[in-house]
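Asker: My structure is below; once you've seen it, I'll send some questions.
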Amino acid sequence: MEWNDPQARVWRGNVAAFTRAVVPTGFHELDRSLPGGGWPLGAVTEIFVEGYGIGELGLLMPALAALTKETPATPKKWIAWVAPPFVPYAPALQQHGVNIDRLLMIHPTAGNKSRLWAIEQAVRSGSSAVVLAWIATDAGRDVEDVILRRLQLAAEDQGCWVVLFRPTSARLARSPAALRIRVSQAPATTRVEILKCRGGRPNIVDVASLALDGSASAQAPNA
Amino acid sequence: MARLLQSLDLFDPAPAQAPPVDDRPARSQQQLWIAVCLPNLAFECLPGLDRSLPAVVVEPERGNLRVIAASRAAAEAGIASGTKLHTALALAASIQVFERAPSLERQCLESLAAWGQTLTSMVSVETPESVLLEVAGSLKLFGSLDAIEARLRAELARRYRDFRFCAAPTATAALWLARAGSADVLHWQHLSGSLAGLPLAVTRWPSEVQALLHEVGLRTVGDCVRLPRDGFARRVGRGYLLDLDRAFGRCADLRAGFEQPQVWSALAELGQETVDSVIFIEAVEQLLRELCAELAKRQAAIAGLTLAFEHLHRPATVECFDLREPTHDRERLLPLIEDRLERSLLPVPAVAVRMTSGTFRPLERKDTDLFERKPLAESTQALLERLQGRFGRAAVHGLCVMPEHRPEKAWAKSPDGDGRQARVLVQEARPLWLLQQPVIIAAGKASLKLVSGPERIESGWWDEQDVARDYYTAKNDNGQRLWVFRDHRTRSWFLHGLFG
Chain A
1 MEWNDPQARV
11 WRGNVAAFTR
21 AVVPTGFHEL
31 DRSLPGGGWP
41 LGAVTEIFVE
51 GYGIGELGLL
61 MPALAALTKE
71 TPATPKKWIA
81 WVAPPFVPYA
91 PALQQHGVNI
101 DRLLMIHPTA
111 GNKSRLWAIE
121 QAVRSGSSAV
131 VLAWIATDAG
141 RDVEDVILRR
151 LQLAAEDQGC
161 WVVLFRPTSA
171 RLARSPAALR
181 IRVSQAPATT
191 RVEILKCRGG
201 RPNIVDVASL
211 ALDGSASAQA
221 PNA
Chain B
224 MARLLQSLDL
234 FDPAPAQAPP
244 VDDRPARSQQ
254 QLWIAVCLPN
264 LAFECLPGLD
274 RSLPAVVVEP
284 ERGNLRVIAA
294 SRAAAEAGIA
304 SGTKLHTALA
314 LAASIQVFER
324 APSLERQCLE
334 SLAAWGQTLT
344 SMVSVETPES
354 VLLEVAGSLK
364 LFGSLDAIEA
374 RLRAELARRY
384 RDFRFCAAPT
394 ATAALWLARA
404 GSADVLHWQH
414 LSGSLAGLPL
424 AVTRWPSEVQ
434 ALLHEVGLRT
444 VGDCVRLPRD
454 GFARRVGRGY
464 LLDLDRAFGR
474 CADLRAGFEQ
484 PQVWSALAEL
494 GQETVDSVIF
504 IEAVEQLLRE
514 LCAELAKRQA
524 AIAGLTLAFE
534 HLHRPATVEC
544 FDLREPTHDR
554 ERLLPLIEDR
564 LERSLLPVPA
574 VAVRMTSGTF
584 RPLERKDTDL
594 FERKPLAEST
604 QALLERLQGR
614 FGRAAVHGLC
624 VMPEHRPEKA
634 WAKSPDGDGR
644 QARVLVQEAR
654 PLWLLQQPVI
664 IAAGKASLKL
674 VSGPERIESG
684 WWDEQDVARD
694 YYTAKNDNGQ
704 RLWVFRDHRT
714 RSWFLHGLFG
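One line per chain: the protein sequences are A and B, in this order.
All residue numbers for the first sequence refer to the working numbering, where the first residue is 1 and numbers rise by one.
All residue numbers for the second sequence refer to the working numbering, where the first residue is 224 and numbers rise by one.
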């Protein structure tokens, strides 16, 4: 094929080789819909939820279990939890296979400013593998695009997976995040709407294997 | 009996009694002292002066103000040490006059002594204007006395305009020779000859003693030594005879060693009243640079420091910074302080910042990974320090599992999750989110759809926080999966967790 042959110049971004590091989500349906077959590491993932307890945390558990698995080759890094809305319950985390030695709870003072500061510190320090953060809706003022962009760059820089939990109202705002998903409860399943996905396409996935009592780990990881 | 009477003399020391002569100098201890003499220290220690202008430092002496140090311009006008202030003003009308500041002089000497410890371990401060260094032990390290003196000269020239130093086998002799500005005396046999010619002024004995000696026709140190010892001790004083003995090496010349304080403190003047954090950070950066240079020199680390912002008309605002482990790294201290300064607002403008270090601790060397630029533990420590510095110590913690049946006691905060934990696995499903306190469900069971359960937990009778509950997994209308229980005693329903 000649270089100027139109056929050679068709952009095929959707099948382009995806070289970014990922960690498998542990759910087949979701892995298939995400480019590279997993959560994008070294990037910001935004998860939009309307209230807690609908499986938003269980969705991450197989990945967190995989990331905290201790192997001699990988350096020990933290999984930082910034401003969790409730107490992350250690026995349950252990049931999901997460190594709770590597968890670091950070409770910043009220307000998104200090939360974002804490997130950025945790990302930039280079000692966190994952930063999970809960961002509330400040009255009127939400998180600025600029701050998210900075977080995204820092995350790329340090190879840190930043997961921001945000209220669903924030999904309409512009964002540089690599992955934006909305998690909601469908009958008997957890519905994951992929709103934006770098290198992939928007999609709706029903994650069925996330059992009601949270015992998804029994079958999920690399089943 | 006679012996007894003699020993009683000890309790009634007769000043007239001369100590026995020991003609043989204590040559076994081969010492070599360098005395550094700063004749113009009283002037040169004053900070922030224009050195080119004529200026004098005065001290009251017998009702008159007398000049004790003068700038070069003043000296050229004919003002010397000892001139009365009136005379000085007559010689040069436009001179600036300063009062003597003994504390500043002391600081200068201590700073020089601290530097001197890079040449020898035995340094002594001799107020008001001298520092003594015992260098016999360092000769081999530096090669020769010339090498040591070259370093000393370079450092002194950097610090002061006017200085003299001289080496001699005894400390007092070195001091007197340095004051007279004579050449080094390296051998015992030359010591007596060199000292003998010195004027009595070098001894710095009180002026009435010097006047007395002058009246009887004694002009030099040698004149005094030639006098009968008993007579000299009776007429002049036993202490002065001891001074002579020390200078000539006839008795031990003990000096108090200089020890550096184990904390560091310095003040940065801001030049104006301000609340601007940019100016503060600039000042702090400068102070930190000095502190870290000091730490590097002393091979020490600190575990904390305080910043005091000094205001004009009220007590200083003090900010404390605690570190998780001792450090000497400027890169770790600076962000910590910057974070705090950028946020905290001073109540009123400050004019100066004083930085005071915590206690110096010996530096512990750590092995670092060959391939990692900064060891992870250190970056973690830095992160924890910054977070705890801003949000408080309790705001950052790890998690651990406790061997307990009561759900609220089955987990605990662990300091940074560094301890190895017991593996306690419960078989029954546990929610990922636990509420800090169980919340009563006002609507009762009607609003819930129980999915599984019950799991009975009845425990804790021993610490009076016993529980008796039936736990269920439930679902509400919003699709949230809840962990609820019914309390046996109150028979009401509580929400205790969410299956996130």
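The beta-carbon is built from N, C-alpha and C at its ideal position, and this holds for glycine as well.
What you are looking at is a predicted structure, and each value in this text was computed from that prediction instead of being measured.
1. Output yes if chain B places a C-beta closer than 8 angstroms to the C-beta of A:ALA66; else output no.
2. For a cutoff of 8 angstroms on Cβ pairs, would you count B:SER251 as touching chain A?
3. Kindly indicate which residue of B:GLU554, B:CYS515, B:ARG563 and B:ALA573 has the alpha-carbon position closest to the one of B:ALA539.
4. I'd like the list of long-range same chain contacts for A:LEU132, defined as Cβ closer than 6 angstroms, with 5 residues on each side in sequence excluded.
5. Counting only beta-carbon atoms, is A:SER169 nearer than 8 angstroms to chain B?
6. What is the rounded straight-line gap between the Cα of B:GLY440 and the Cα of B:THR529?
7. If we call anything under 8 angstroms between Cβ atoms a contact, is A:GLY126 one with B:SER602?
8. Going by beta carbon distance, what residues of the same chain come within less than 7 angstroms of B:TRP656, once the five residues before and after it are set aside?
9. Please report the residue range of the beta strand (DSSP E) in which B:ASP385 lies.
10. Quick one: does B:SER602 have its CB under 8 angstroms from some CB of chain A?
11. Using a beta-carbon distance cut-off of less than 9 angstroms, what residues from the region 155–188 of chain A approach chain B?
12. Taking Cβ positions only, does B:VAL690 come closer than 8 angstroms to chain A?
13. Closer than 7 angstroms by beta-carbon distance: list the chain A residues that pair up with B:GLY339, in chain order.
14. Could you work out which residue in B:ASP562, B:ALA523 and B:GLU533 is closest to B:PRO549 when comparing CA atoms only?
15. Per DSSP, which residues does A:ILE204 bridge with? Please list them.
16. Can you tell me which of the three DSSP states A:THR68 falls into?
17. Please report how far the alpha carbon of B:GLY642 lies from the alpha carbon of B:GLU681, in whole angstroms.
18. Taking only runs that begin and end inside the region 437–509 of chain B, name each unbroken alpha helix (DSSP H) of 4 or more residues, in chain order.
19. Round the Cβ separation of B:GLU542 and B:ARG563 to the nearest angstrom and send it over; I've been treating them as touching at under 8 angstroms.
20. Taking 8 angstroms as the threshold (beta carbon to beta carbon), is A:TRP39 in contact with chain B?
21. Under 8 angstroms Cβ to Cβ from B:LEU308, same chain only, skipping five residues before and after it: list those, please.
22. How would you write the range of the beta strand (DSSP E) that A:PHE48 sits in, first residue to last?
23. Assuming B:GLY416 is part of the beta strand (DSSP E), what are its boundary residues?
24. Given that A:THR109 touches chain B, what residues does it touch there, using C-beta distances under 7 angstroms?
25. Starting from A:SER114, trace the beta strand (DSSP E) in both directions and tell me its first and last residue.
26. So what does B:TYR694 bridge to, in DSSP terms?
27. Roughly how many whole angstroms lie between the Cα atoms of B:GLY683 and B:ALA633?
28. Compute the Euclidean distance between the alpha carbons of A:ALA16 and B:PHE503, then round it to the nearest angstrom.
29. Helix, strand or coil: how does DSSP classify B:TRP338 here?
30. A:ILE54 and A:SER233 - do their beta-carbons sit closer together than 8 angstroms?
31. Using a beta-carbon distance below 8 angstroms, is A:ALA43 in contact with chain B?
32. Find out if the Cβ-Cβ distance for the pair A:VAL22, A:LEU67 is shorter than 8 angstroms.
33. Starting from the beta carbon of B:LEU622, find every residue of chain A whose beta carbon is closer than 8 angstroms, and list them in chain order.
34. Go ahead and pull the three-state DSSP assignment for B:GLN330.
35. Using a beta-carbon distance below 8 angstroms, is B:LEU657 in contact with chain A?
36. Which chain B residues are close to A:ALA118, counting only those with a beta carbon under 7 angstroms from its beta carbon?
Answerer: Let me lay it out:
1. Closer than 8 angstroms: no.
2. Bear in mind that the predicted position of B:SER251 carries a pLDDT of just 46, short of 50, making it unreliable; the figure below should be weighed with that in mind. By this cut-off, B:SER251 is not an interface position.
3. B:ALA573
4. For A:LEU132, where only same-chain residues beyond five positions count, the Cβ hits under 6 angstroms are TRP81 and VAL163.
5. no
6. A straight-line Cα-Cα distance of about 60 angstroms links B:GLY440 and B:THR529.
7. yes
8. GLY720, LEU721 and GLY723
9. Premise fails: B:ASP385 is in no beta strand (DSSP E) and is neither H nor E.
10. So, interface residue.
11. SER184, GLN185, ALA186 and PRO187
12. no
13. Here the premise fails: no neighbours, minimum Cβ distance about 42 angstroms.
14. Per the Cα distances, B:ALA523.
15. A:GLU193
16. helix
17. Per-residue confidence for B:GLY642 stands at a pLDDT of 49, beneath the threshold of 50, marking its modelled position as unreliable; no derived number is given.
18. 444–449, 452–458 and 461–470
19. 6 angstroms
20. At a cut-off of 8 angstroms between C-beta atoms, A:TRP39 does not count as an interface residue with respect to chain B.
21. VAL279, VAL281, ASN287, LEU288, ARG289, VAL290 and VAL320
22. 44–49
23. It is not in any beta strand (DSSP E) - B:GLY416 instead sits in the alpha helix (DSSP H) that spans 411–419.
24. PHE614
25. Taken as a continuous stretch (DSSP letters only), A:SER114 belongs to no beta strand (DSSP E), being part of the alpha helix (DSSP H) at 112–124.
26. B:GLU678 and B:PHE708
27. 12 angstroms
28. With a pLDDT of only 48 at A:ALA16, under 50, the local geometry of the prediction cannot be trusted, and the value read off the model is given with reservation. Going from the Cα of A:ALA16 to the Cα of B:PHE503 covers about 52 angstroms.
29. helix
30. For chain A, the structure presents residues 1 to 223; residue 233 of chain A sits outside this window and is missing.
31. no
32. no
33. PRO88, ALA90, LEU93, ILE100, LEU103 and MET105
34. helix
35. yes
36. LEU610
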